[in-house]
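For the working numbering, add 97 to where a residue sits in the sequence shown, where the first one is 1.
A virtual CB, placed ideally from N, CA and C, is assigned to each residue, including glycine.
None of these values were measured; they are calculated from a predicted model.
The block underneath contains the structure these notes are about, expressed in structure tokens.
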Amino acid sequence: QQRGFYEEMLRGLWGYVSDRFNIPVANLTKENIREELDKQGVEQADIEQYMSVISECEYAQYAPAASGKMRELYTAGVEIVSKFESVIHR
Numbered sequence: 098q099q100r101g102f103y104e105e106m107l108r109g110l111w112g113y114v115s116d117r118f119n120i121p122v123a124n125l126t127k128e129n130i131r132e133e134l135d136k137q138g139v140e141q142a143d144i145e146q147y148m149s150v151i152s153e154c155e156y157a158q159y160a161p162a163a164s165g166k167m168r169e170l171y172t173a174g175v176e177i178v179s180k181f182e183s184v185i186h187r
């Protein structure tokens, strides 16, 4: 159950960037995500938070995590995507 949650979180986070910037998922890397977000004017701290959520989800797929961590990462993911949208829509 936890592994499925983290897989879906990753799919959502990667899919958001893919859809938002018309980058095929197969071509996404952490580096080109950083570059695109930077080009869009997203603050470095927010980019780092996004990357941190991705890294934590990747790690948590294979290592047991407390259920509270799932809620924490979900909330962080929603918040960071909302921040991106507020910056990108300016």
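Rounded straight-line distance, which links the Cα of residue j to that of residue i
{"i": "S152", "j": "R100", "result": "14 Å"}
{"i": "G138", "j": "P161", "result": "35 Å"}
{"i": "A163", "j": "A157", "result": "10 Å"}
{"i": "I185", "j": "K166", "result": "28 Å"}
{"i": "G174", "j": "E128", "result": "19 Å"}
{"i": "I120", "j": "V114", "result": "7 Å"}
{"i": "L134", "j": "E169", "result": "23 Å"}
{"i": "E182", "j": "W111", "result": "15 Å"}
Three-state secondary structure (DSSP) of residue i
{"i": "L125", "result": "coil"}
{"i": "Y171", "result": "helix"}
{"i": "Q98", "result": "coil"}
For this session: Evaluate the contact criterion for the segment 143 to 150 versus the segment 118 to 125: three or more CB pairs, one atom per stretch, below 8 Å.
Result: no
For this session: Would you list, in sequence order, the uninterrupted alpha helix (DSSP H) runs of no fewer than 4 residues that lie entirely inside the segment 115 to 160?
Result: 127 to 136, 141 to 157
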